[in-house]
Structures are given as C-alpha cells and as structure tokens.
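> Just passing along the structure, written as structure tokens.
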Amino acid sequence: MADTPPELPPITVVLPDDQEVTGRLHERRQTPEGWLYKVSVPAWMVQDDQVVPAWYTVWVQAPAHVRPVEGISYDDVPTERLAKPSAVRELLGPRRPSGWVLQKLDGGRGPGRGVIHAVDCEEAPDGAPVLSLDKALDVAEHPGTRLCSLCGAAAELDPVLRGFDHGLADSE
Numbered sequence: 022m023a024d025t026p027p028e029l030p031p032i033t034v035v036l037p038d039d040q041e042v043t044g045r046l047h048e049r050r051q052t053p054e055g056w057l058y059k060v061s062v063p064a065w066m067v068q069d070d071q072v073v074p075a076w077y078t079v080w081v082q083a084p085a086h087v088r089p090v091e092g093i094s095y096d097d098v099p100t101e102r103l104a105k106p107s108a109v110r111e112l113l114g115p116r117r118p119s120g121w122v123l124q125k126l127d128g129g130r131g132p133g134r135g136v137i138h139a140v141d142c143e144e145a146p147d148g149a150p151v152l153s154l155d156k157a158l159d160v161a162e163h164p165g166t167r168l169c170s171l172c173g174a175a176a177e178l179d180p181v182l183r184g185f186d187h188g189l190a191d192s193e
C-alpha cells in the first residue's frame, strides 16, 4: 500500500459507524480528558488520476475508538504521559480563576450598595469588570458594600481587611 506506515503495531480502530478496521498505532498521549491514540487506517486516494490505496492518519480517543489486537505488544509505542499532579493539587483540586467582581445593587452609579464576588461565583453578574485584589479591597471598604459568603469572598478578603487576628480571643 502507498506510504505504508513503517512496521507499526496493528490496532483495531472503531469507525464512527461502529465498523472495525485494522490500523497502525503511531503513538499515545495522555491528556487531562483521557488518552489519545495516533492511528493510521487504510483508505483510498487519487494519485495521477488513479485511485490508489493509502493511509489516513488521525488522533482518536481511547478506549472508545481503539481496541488492542490480541497477542500484540504496545510496549515500544512512543507514549507521552502527563506529569503526575502534585499531592497539593490533588487535595485542593483545580485552581479557581483570580480576581473579583462587584455586583451593584439598586442600579445606582458611584459608591453605594454592592456585593463583591469571586469571578466564578454563581451570583456574580455577567460581564462585570474583573477587579484586582487591591481594587476589590478598596471597594470593600465603602459603606454598603458586603462580601459574598457563598463563593468565599468574605472568608478570603475579610482577614486582609480586618487583620488576620481579628476575632481571635487573647490567650492571656
């Protein structure tokens, strides 16, 4: 077959209509969403006004679109693995986006009543400008502005505003 991949191991490729064909496995890559396999499957192409056999190469999701061929070893296939996440990242989970937004209440302009939210809070207004930490702290000091307790804005900004020892009883 024209442009046959060099001695790559065979692998069963599941086509979108659930047909199965024997292809060749080039490489594997682990992503946050799962494994991708780079495979070539036999196809046809026009070359010099003639239809000739060829290989079509594409990335597919594993295991949904590929199956191993019994008795074939894939140990020598180039494999790119993600770095293992740190124990801290595994415990804490994904990082939340940085920044804060102000939800203005009463629809007024200028200082007034408002609520400061983390940018990913469900209650945060759509399209509100993102505030830096310093700007959020400035806005939080205005009378009538409160910090959202649903998204953690209160727990995160209040100690910075009032000092980390605020609310702790003297141990003497």
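Be aware that the sequence shown starts at 22, since it is given in the numbering used here, and climbs by one per residue. Backbone N, C-alpha and C define an ideal beta-carbon position, used for all residues, glycine too. Source: prediction; values computed, not measured.
1) Can you tell me whether Y77 sits near the ligand ADP, meaning its C-beta is under 6 Å from at least one heavy atom of the ligand?
2) Quick check on the DSSP output: what are the complete beta strand (DSSP E) runs of length 3 or more inside the segment 22 to 68, in order along the chain?
3) What residue does the beta strand (DSSP E) around P74 start on, and which one ends it?
4) Just grab the DSSP bridge partners of L154 for me.
5) Quick check on the DSSP output: the alpha helix (DSSP H) that includes G181 runs from which residue to which?
6) Measure the alpha-carbon distance for D96 versus K125 and round it to whole angstroms.
7) Report, in whole angstroms, the separation of the C-beta atoms of P30 and R45, which I expect to be a contact under 8 Å.
On the basis of the data shown:
1) The model on display carries no ligand, and the ligand ADP is accordingly not part of it.
2) Listed in chain order, they are 31 to 35, 41 to 52 and 55 to 68.
3) To locate residue 74, count along the sequence shown from 1; it is residue 53. First-last of the beta strand (DSSP E) with P74: Q71 to A83.
4) On the sequence shown, position 133 is the one that residue 154 refers to. Bridge partners of L154: none, in fact.
5) Here residue 181 is taken as the residue at index 160 of the sequence shown, counted from 1. The question names Gly, yet the displayed sequence has Val at residue 181. Residues A174 to R183.
6) The residue given as residue 96 occupies position 75 in the sequence shown. The residue given as residue 125 occupies position 104 in the sequence shown. Taking the straight line from one Cα to the other gives about 59 Å.
7) For the purposes of this step, residue 30 is taken as residue 9 along the sequence shown, with counting starting at 1. For the purposes of this step, residue 45 is taken as residue 24 along the sequence shown, with counting starting at 1. That pair is a contact at about 7 Å.
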